[in-house]
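In this note's numbering, the protein residues as written are 121 to 214.
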């Protein structure tokens, strides 16, 4: 999201809704946003119910692994416009 990151939740949601070009980067941003929100919510519940806590670094690794697993499960065939999604994810994370 780069320079579009804003602490105002509504502005962030509006920005996410505006991403419609279908590019690999847009898809990855949406996957990252969704996965991060999901794991933050799980961490919040874990802390609220006094189970184990995760460090920010561990949370980042968990989100990265979840996204890699999701991309792997998609199994795009050769020639599909998103067949390089995992490669693109690695260019941003490695």
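We put the CB at the ideal spot given by N, CA and C, even for glycine.
Residue range of the unbroken alpha helix (DSSP H) whose run includes residue i
i	result
residue 129	129-138
residue 176	176-194
residue 144	144-168
residue 206	205-213
Same chain, Cβ closer than 6 angstroms to residue i, neighbours up to 5 away in sequence not counted
i	result
residue 127	none
residue 183	155, 156 and 159
Proximity to residue i [Cα-Cα], best of the options
i	options	result
residue 155	191, 131, 141 and 166	191
residue 203	169, 144 and 129	144
residue 142	213, 131, 167 and 200	200
residue 180	170, 169 and 163	163
Own chain, CB closer than 7 angstroms to residue i, minus 5 neighbours either side, in chain order
i	result
residue 153	136
residue 213	184
residue 167	173
Cβ neighbours of residue i in the same chain (closer than 8 angstroms, five flanking residues each side left out)
i	result
residue 205	144, 147, 148, 191, 194 and 196
residue 209	148, 187, 188 and 191
Closer than 6 angstroms: residue i CB and nearest the ligand NAP heavy atom
i	result
residue 150	The ligand NAP is not part of this structure, which contains no ligands at all.
Inset, instruction - Please determine if the segment 172-188 and the segment 143-162 are in contact, where contact requires at least 3 C-beta pairs separated by less than 8 angstroms. - result: In short, these stretches touch, since the Cβ pair count reaches three.
Inset, instruction - State whether the segment 183-199 contacts the segment 127-142, with contact taken as three or more CB pairs (one from each stretch) at a distance under 8 angstroms. - result: Contact between the segment 183-199 and the segment 127-142 is absent, because fewer than three Cβ pairs lie under 8 angstroms.
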